[in-house]
Each structure stands twice: as C-alpha cells, then as structure tokens.
Amino acid sequence: NAGVTQTPKFRVLKTGQSMTLLCAQDMNHEYMYWYRQDPGMGLRLIHYSVGEGTTAKGEVPDGYNVSRLKKQNFLLGLESAAPSQTSVYFCASTYLGGDRSEAFFGQGTRLTVV
Amino acid sequence: GDSVTQMEGPVTLSEEAFLTINCTYTATGYPSLFWYVQYPGEGLQLLLKATKADDKGSNKGFEATYRKETTSFHLEKGSVQVSDSAVYFCALGSGGSYIPTFGRGTSLIVHP
Numbered sequence: 055n056a057g058v059t060q061t062p063k064f065r066v067l068k069t070g071q072s073m074t075l076l077c078a079q080d081m082n083h084e085y086m087y088w089y090r091q092d093p094g095m096g097l098r099l100i101h102y103s104v105g106e107g108t109t110a111k112g113e114v115p116d117g118y119n120v121s122r123l124k125k126q127n128f129l130l131g132l133e134s135a136a137p138s139q140t141s142v143y144f145c146a147s148t149y150l151g152g153d154r155s156e157a158f159f160g161q162g163t164r165l166t167v168v
Numbered sequence: 040g041d042s043v044t045q046m047e048g049p050v051t052l053s054e055e056a057f058l059t060i061n062c063t064y065t066a067t068g069y070p071s072l073f074w075y076v077q078y079p080g081e082g083l084q085l086l087l088k089a090t091k092a093d094d095k096g097s098n099k100g101f102e103a104t105y106r107k108e109t110t111s112f113h114l115e116k117g118s119v120q121v122s123d124s125a126v127y128f129c130a131l132g133s134g135g136s137y138i139p140t141f142g143r144g145t146s147l148i149v150h151p
C-alpha cells in the first residue's frame, strides 16, 4: 500500500537553483495539495488541484509552480530557489473534496536552500 | 472564511496523565471535523473524525466529540503513553471548499 509517495526526501539547493518535487498517489484521488510546514506556522497551502489538468493557487504560491498532467502525479517546481523556501514540503490527496474525506499525506521533503 | 484554532503547545505530561487538547472552529454550514497526528519525521495521518453534531470520533484511546453549540472538537485521552508524543492537528472540511483547513498543530511531549 504505497498511498502517497514523495521524492526526494531530502535536498540541499544553492540559491538560484531550480528543482522539481514529485508527488505520486495510487488511490485514484481527484484532489491533490502541496503544503509547506515551518516551525510555529502550521501547514500552509501552496497550490492545489481538483483534477487532472487543473491547478489553483493556495495561500503562499509565490515562487512555486505546479503541474498535474496525469491524475496520479502532482509536481511542485521551484524555478529559482531562495533561502526563504527552506522548509518541509508535504503533498496530500483526498478522494473527494476536503469536506468529504480524510487527507492522505506523503512522508515529506526536507528542503534546505543555502 | 473557515478557520481552526488550537491551544498552543507544547503540552508536557507524565505518562498515564489525562490529556485534553482544545480545538474550536469557525465555518459556514455543517463541516466535518478531523484530528490528525504527526509523529517525528513523518507526514500527517488521520487519527479520528466526526461528520455531524454530537458524533464522537475515537481511535487508539483518543476521543473527540463534535459540539456544534460551542463550535468545538476537543481531543482527549484518559492515559497517555510516551509513544503518544507527536504533533496533533485539528482540521475541518467545509462543504463550500475543496480544501481542508488545518489548525497550527499542538506538540505533545510525554515523559516516562
């Protein structure tokens, strides 16, 4: 039972470098979300998707882009990394909208930008 | 908009003590309410949920009752263990939004 898988688990970037975080779910969920978790800030929504080919901005979208070309995958891109993007990133998915079903989370990606 | 307010932590308890973590919410309509737990180095996982007023969710000795009159969903456990040390998130799902709303999380530390 893979559930939600995030790759990579750890990454160190230099300021200005780019990278893509991959989230894959095998539960046929329609809805997928990217969050960042920072000390004292809880979870903050970056972007989300309500289905294949759709994306929308969340609370803190600046500096990030996303794509959902396949239903099972949700990619988060950083075009030019900044130290303020040092964080733990979590992907989540739900079968129905957030009001109807539990969210399944990946294990997280710990990103450090130096 | 929807919001969830949790008590700030950390909450520090001795093993076998009684636990309460307060959670109140603001939402339109009749949301579903959730408690998630995050163990060190892991993602969040569902602990329990309730979908309508007066429902009680329970799992692993934890309980929470959906109180519409006080807009609350407090988490309780009668006797905590060291293995319960984690961060606990209260969350709601509203019919008007695709997106679950999370509280800021409450860290629980249980000492032997």
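Chain order of the listed sequences is H and D. Residue 118 in this note's numbering sits at position 64 of the first sequence; the count goes up by one each step and never skips. Residue 64 in this note's numbering sits at position 25 of the second sequence; the count goes up by one each step and never skips. Where a beta carbon is used, it is the ideal one built from N, C-alpha and C, also for glycine. Model, not experiment: these values are computed from the prediction.
{"query": "Assuming Leu97/H is part of the beta strand (DSSP E), what are its boundary residues?", "result": "Gly96 to Ser103"}
{"query": "In chain H, which residues lie less than 9 Å from Gln120/D when you measure between Cβ atoms?", "result": "Within chain H, no residue comes near Gln120/D; the closest Cβ sits about 23 Å away, beyond 9 Å."}
{"query": "Roughly how many angstroms lie between the CA atoms of Gly35/D and Glu133/H, to the nearest whole one?", "result": "Shown here, chain D extends from 40 to 151; a query on residue 35/D therefore has no answer."}
{"query": "How do the stretch 118 to 131 of chain D and the stretch 132 to 149 of chain H stand: do at least 3 beta-carbon pairs fall below 8 Å, yes or no?", "result": "no"}
{"query": "Give me the Cα-Cα distance between His150/D and Leu52/D, rounded to the nearest whole angstrom.", "result": "6 Å"}
{"query": "Of all the residues that make up the stretch 120 to 146 of chain H, which are near chain C by a beta-carbon distance shorter than 9 Å?", "result": "In summary, chain C is missing from the structure at hand, where the protein chains are H and D."}
{"query": "Is Asp92/H helix, strand or coil when you go by DSSP?", "result": "strand"}
{"query": "Tell me which residue opens and which closes the beta strand (DSSP E) that Lys95/D is part of.", "result": "Lys95 to Asn98"}
{"query": "Decide yes or no for the touch test of the stretch 97 to 105 of chain D against the stretch 60 to 77 of chain H: beta carbon pairs closer than 8 Å, at least 3 of them.", "result": "no"}
{"query": "Taking all protein chains shown into account, decide if Tyr78/D is buried (16 or more other Cβ within 10 angstroms of its Cβ) or exposed.", "result": "exposed"}
{"query": "With a threshold of 8 Å, are at least 3 pairs of Cβ atoms found where one atom belongs to the stretch 133 to 145 of chain D and the other to the stretch 81 to 96 of chain H?", "result": "yes"}
{"query": "Counting only C-beta atoms, is Ala157/H closer than 9 Å to chain D at any point?", "result": "yes"}
{"query": "Exposed or buried, what is Ser42/D when buried is set at 16 or more other beta-carbons lying within 10 Å of its beta-carbon?", "result": "exposed"}
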